[in-house]
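Written out below as structure tokens is the structure these notes cover.
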Amino acid sequence: MENHTTTDPGVAQRYRVCAVEEIAENGGVLADLGHREVGVFKHKGRLYAYDNRCIHQGGPVCSGELLGATKLELDEGKQARREILDEDEMRLVCPWHGWEFDLLSGQAAHDRRYRLRRFNVTVEDGVVYVDA
30 MENHTTTDPG
40 VAQRYRVCAV
50 EEIAENGGVL
60 ADLGHREVGV
70 FKHKGRLYAY
80 DNRCIHQGGP
90 VCSGELLGAT
100 KLELDEGKQA
110 RREILDEDEM
120 RLVCPWHGWE
130 FDLLSGQAAH
140 DRRYRLRRFN
150 VTVEDGVVYV
160 DA
């Protein structure tokens, strides 16, 4: 992996991750940046990058499943008919304990006060970069 160094510790470094076409829609890749591992995910053509460390107990959250949010479909009497997966609202599910995080914001689904650490992602000339 290529990285660019800086002498200012307050400035993020830029890391080359992969070619943009290597990230499948509703999929992701893991990138070892040396000092941390991040997951880069694609949903509806947009890219999102998160620290591969779950805020719950430090599990490899970016190694988990990327799934649509589970929603209940109700009948006219407001009784649950079935559960459906809403792929407009994607969730990253930690493989250790099943904590779910909103892909767009990194916020925990069960408590919006908690969120994954997010990183800026850019694409230049078909190459994905993360600032970390």
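If you're matching positions, the sequence shown starts at 30 in our numbering and goes up one per residue.
Note that CB positions come from ideal geometry on N, CA and C, so glycine has one too.
Note that the coordinates shown come from a computational prediction; the quantities given were computed from them, not determined experimentally.
- Counting along the chain, the unbroken beta strand (DSSP E) around isoleucine 113 starts and ends at 109-122.
- In this structure alanine 109 is exposed. Its beta-carbon is surrounded by fewer than 16 other beta-carbon atoms within 10 angstroms.
- Glutamate 105 and alanine 78 have their alpha carbons spaced roughly 40 Å apart.
- CA-CA distance, arginine 82 to arginine 43, rounds to 20 Å.
- Counting along the chain, leucine 103 sits inside the beta strand (DSSP E) bounded by residues 94-103.
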